[in-house]
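Chains as they are written, first to last, in our numbering: chain A, 55 to 168; chain B, 5 to 122. Beta carbons: idealized from backbone N, C-alpha and C, even for Gly. Below is one structure, written out as structure tokens; comments come after it.
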Amino acid sequence: AQSVAQPEDQVNVAEGNPLTVKCTYSVSGNPYLFWYVQYPNRGLQFLLKYITGDNLVKGSYGFEAEFNKSQTSFHLKKPSALVSDSALYFCAVSPRDSNYQLIWGAGTKLIIKP
Amino acid sequence: DSGVTQTPKHLITATGQRVTLRCSPRSGDLSVYWYQQSLDQGLQFLIQYYNGEERAKGNILERFSAQQFPDLHSELNLSSLELGDSALYFCASSVGTGGRVAGTGELFFGEGSRLTVL
């Protein structure tokens, strides 16, 4: 079965430090990859996506994600964390077959401490 | 502001009752998606409509139904409500295409409707 794994329920980072939120997937072919963020009591917001091309994708709010085909991973990164980055982050994958349905990870809670 | 509007924001009702959640997509978006988010189940895809027609169905219970109207707004109907139906229900929209559910485009989410069943 196709799946998306976010292995960490929660990630704690000190403000100013680099952050990484991990995502791996088990999907056939070359899927499209997405990251979304959900701030408290808000809907999800699109951060970035990988379709093809450069393995490093830049998105909103200074976030970037690195696609690694051999490891089937799409980790979200930011060089210097802000307290305002504290939120719930979702990885999603869209296979290039089966109607391109989105498969969602369970989400990772990111906590940035001052 | 994503441009997706959901009403009501909060709803409290009793078991056995029926409620209707409403969603207005972003201007120009033809696809509407409904998701359920609960603490223990994460984000669950319920159903998708494209230009008035059902396009994809996920883990939607038979007690739940949805439709998309000619003006492209959508309604999610939840009936015979149970305690376990308490959750945050999100609507999302995208431009979409006829041949793909999500395609390469991102989804734009509303703020959600928080349903509490007592």
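Sub-8 Å separation of residue i and residue j beta-carbons
{"i": "R26/B", "j": "E86/B", "result": "no"}
{"i": "L82/B", "j": "F73/B", "result": "no"}
{"i": "S35/B", "j": "S84/B", "result": "no"}
{"i": "E58/B", "j": "I51/B", "result": "yes"}
{"i": "L101/A", "j": "W89/A", "result": "yes"}
{"i": "T78/A", "j": "S127/A", "result": "yes"}
8 Å Cβ cut-off: residues of chain A touching residue i
{"i": "S6/B", "result": "G97 and Q99"}
{"i": "A18/B", "result": "Near A18/B there are no residues of chain A at all, since even the closest Cβ is about 24 Å away, more than 8 Å."}
{"i": "E58/B", "result": "None at all; the shortest Cβ gap to chain A is about 12 Å."}
{"i": "G114/B", "result": "G97"}
{"i": "F94/B", "result": "G97 and L98"}
Per-residue contacts from residue i into chain C (C-beta, under 7 Å)
{"i": "E110/B", "result": "No chain C is present in this structure, whose protein chains are A and B."}
Proximal residues of chain B, C-beta to C-beta of residue i below 8 Å
{"i": "N128/A", "result": "For clarity, residue 128/A is Phe in the given sequence; the question names Asn instead. What F128/A touches in chain B: nothing, since even the nearest Cβ is about 15 Å away."}
{"i": "G113/A", "result": "Ordered by position in chain B, no residue passes the 8 Å Cβ test against G113/A, which lies about 10 Å from the chain."}
Rounded separation between residue i and residue j - CA only
{"i": "A59/A", "j": "Q48/B", "result": "15 Å"}
{"i": "G91/B", "j": "T9/B", "result": "Per the sequence presented here, residue 91/B reads as Ala, with Gly not at that position. Spanning the two alpha carbons is a distance of roughly 18 Å."}
{"i": "G62/B", "j": "D63/A", "result": "24 Å"}
{"i": "S51/A", "j": "P168/A", "result": "Only positions 55 to 168 of chain A appear in the structure, and residue 51/A is not among them; the question remains open."}
{"i": "S80/A", "j": "E66/B", "result": "29 Å"}
{"i": "S3/B", "j": "L122/B", "result": "The structure shown does not extend to residue 3/B, since chain B is modelled only from 5 through 122, so no value can be given for it."}
{"i": "G20/B", "j": "L119/B", "result": "14 Å"}
{"i": "A70/B", "j": "A68/A", "result": "44 Å"}
Under 7 Å by beta carbon: chain B residues contacting residue i
{"i": "A160/A", "result": "G46"}
Contacts of residue i in chain A (Cβ-Cβ under 9 Å)
{"i": "P68/B", "result": "Correcting the residue type first, residue 68/B is Phe in the shown sequence and not Pro. What F68/B touches in chain A: nothing, since even the nearest Cβ is about 18 Å away."}
Under the three-state DSSP convention, the category residue i falls into
{"i": "Y93/A", "result": "coil"}
{"i": "G88/B", "result": "helix"}
{"i": "V137/A", "result": "helix"}
{"i": "S127/A", "result": "strand"}
{"i": "G116/A", "result": "helix"}
{"i": "R104/B", "result": "Confidence is the limiting factor: at R104/B the pLDDT is only 49, short of 50, which leaves the residue's position unreliable, though a coordinate-based value still follows. Note: R104/B maps to coil in three-state DSSP."}
{"i": "A59/A", "result": "strand"}
{"i": "H77/B", "result": "coil"}
{"i": "I64/B", "result": "coil"}
Interface partners of residue i on chain B, CB under 9 Å
{"i": "F144/A", "result": "G46 and L47"}
Using 8 Å as the Cβ pair cut-off and three pairs as the minimum, do the segment 12-23 of chain B and the segment 113-129 of chain A touch?
no
Between the segment 126-145 of chain A and the segment 70-90 of chain A, can you find at least three pairs of beta-carbon atoms closer than 8 Å?
yes
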